[in-house]
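Contents: one structure, followed by commentary.
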Amino acid sequence: MAHLAPVAPCDVVVFGGTGDLAMRKLLPALYHRDCDMAITPDSRVIAVSRAGLDDSGYRDKVDSELRRFVPEAAGEVNARARFLRRLHHITVDVEEHGTWDGLRALLADEQERVRVFYLACAPQLFGPICVGLRDNGLVTAHSRVVLEKPIGHDLDSACRINDEVGAVFAEEQIFRIDHYLGKETVQNLLVLRFANSLLEPLWNSGSIDHVQITVAEAIGVGGRGGYYDSSGALRDMVQNHLLQLLCLVAMEPPTRLDREAVRDEKLKVLKALRPVTSGDVGRCVVRGQYTAGLVEGAPVPSYRDEVDGAASTTETFAALKVEVANWRWSGVPFYLRTGKRLDRHASEIVVQFRPVPHSIFPGIEDTITPNRLVLRLQPDEGVRLHLMAKEPGPGGVRLRPVHLNLSFAETFKARLPDAYERLLMDVVRGNPTLFMRRDEVEAAWTWVEPILAASAEPPRRYAAGTAGPAAAIALIERDGRTWHEEVTA
Ligand code: BG6
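Residues 630 to 1118 (this note's numbering) make up the sequence shown, in order.
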């Protein structure tokens, strides 16, 4: 990784500083940026929670979690010690007015430096935390607030949260994170589309037959059952990550890579999504829930057993057929699917081109498969272009599908940073291009809400360790198409 100039000195204050997200993602991301010298020596990470830890207790906890989530950190004794020295822990009960003194005192001497308040906690606390920050005089001109998803449960609650946070912070200080936008391949999608002249002339209904976006997970809901059971795949993944990916595929070229231009174009896509009416839901949406099964050879319980909810109708899988009703994409379906406890862990965007209009190869027309561009988000990040080629040898022409493979790991021979690394540094830099603007979040909820309202049927069952409910296969096969199932890089 290139050693870039460090960002401005900062205090990163993490509400939910002892939680799962902080341990699994935020602290490892900050650790990596520290190792790359992207953080100035005097910058601090201040964890806020109700855990009653002192600094040394917190450092011990992070030390062991870091070795777990960043195995190479175990051997990097000096780097780890330097990082741990940045850490502080303050106990605050955010809903108790009298408990903010410690945080106020810690921040008091550093009025001028960038302050990042990272709200890695339940969304119902976003409003009270912002009010607490304001009432304790902690919001400075250089402050920014980061909101983790989910931003609300529906349009109403999202608007309420946006109003509450907006009463304390100006929109340009609010960073609504969708970590999919920080993934390397996702950023590369912008480069692939707009730094090459090859694709853009073909990027429309004239050449593209359909697009597939798959985010498949082998994991279950783990310890997040409480949150997940009131959320489900449509709220947890589709409303944000999958729609954001769709926006980047479908948007018009922004005039420049800048905060408003990119977000303006994404918003236009969200507004162009054809509404799914209650009459369409049966045809365009499949919800599923996993039953017990085998994942990677090991038996796993059903979702209902995992969340202890015998009657839960929360979906752990969703597949949708989506249309972008505009000139460029008219008649090009976007098939989205995501699920937990599937047969693989793989996320990809597949752009399927149209068949050749006429074959000059008599008798072997059937062997010509249409071109396909696969952007692999994880694992094995990269881009693969499926083409037809002639098999070598005399004795006539035989065609074979082959692919050009760009593996980021092999080509760039560098560690691929986690999405949070890039996004956290963007917050300190004050660059919100890869964050969601208020109107985007609300437009996404506006589109998803009728689907949620019309999804009264219980979800279809699928065994853990499979590709999801059969109805999801039927959803695409009805249109004479199939899901892209290639697993290997
Ligand atoms: C989160 C969801 O936003 O994204 C999780 O809440 C999901 O349910 C996760 O597992 C997937 O992220 P990634 O980066 O592992 O694909």
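Don't be surprised by glycine CBs; every beta carbon is placed ideally from N, CA and C.
Fair warning: this is a prediction, and the values are worked out from it, not measured in the lab.
query	result
Distance, I978 Cα to R966 Cα	11 Å
Inside the region 645 to 700 only - beta strand (DSSP E) runs reaching at least 3 residues	673 to 678
Through-space distance from R653 to L1081, alpha-carbon basis	30 Å
Residue from R1001, A847, W1076, R789 whose Cα sits closest to the Cα of L923	A847
Proximity of D663 and W1074 at Cβ, strictly below 8 Å	no
Any 3 or more C-beta pairs closer than 8 Å across the region 1036 to 1050 and the region 869 to 877	no
Counterpart residues of S941 in DSSP-defined beta bridges	Answer by DSSP bridge pairing: none, since S941 is not bridged.
Buried versus exposed call for P757 [16 or more other C-beta atoms within 10 Å across all chains shown]	exposed
Cβ-Cβ distance between H1015 and H1032 below 8 Å	yes
Cα-Cα separation between A1083 and M1054, rounded to whole angstroms	40 Å
Chain-order list of residues whose beta-carbon lies under 7 Å from that of H808 (same chain, five-residue window excluded)	A1048, Y1049, L1052
Start-to-end residues for the beta strand (DSSP E) that takes in A737	Counting along the chain, A737 falls outside any beta strand (DSSP E), and DSSP gives it neither H nor E.
E1050 CB to nearest heavy atom of the ligand BG6 below 7 Å	no
Buried or exposed by the 16-neighbour rule on C-beta atoms within 10 Å, applied to V1116	Because the pLDDT of V1116 is 46, which lies under 50, any placement of that residue in the model is unreliable, and the number read from its coordinates should be weighed accordingly. With fewer than 16 other Cβ atoms within 10 Å, it is exposed.
Rounded separation between A614 and V797 - CA only	Outside the shown range of the chain (630 to 1118) lies residue 614, about which nothing can therefore be said.
Run of the beta strand (DSSP E) containing K950, from where it starts to where it stops	946 to 952
Proximity below 8 Å, CB of M880 to CB of K900	no
Beta carbon of V745 nearer than 8 Å to that of V641	yes
heavy atom of the ligand BG6 below 7 Å from M1065 C-beta	no
Assigned exposure category for A1118 - 16 Cβ within 10 Å defines buried	Any reading at A1118 needs caution, since the residue's pLDDT is 38, under 50, leaving its predicted position unreliable; the model's value is listed next. Exposed.
The region 701 to 710 / the region 667 to 681 touching (three or more Cβ pairs under 8 Å)	no
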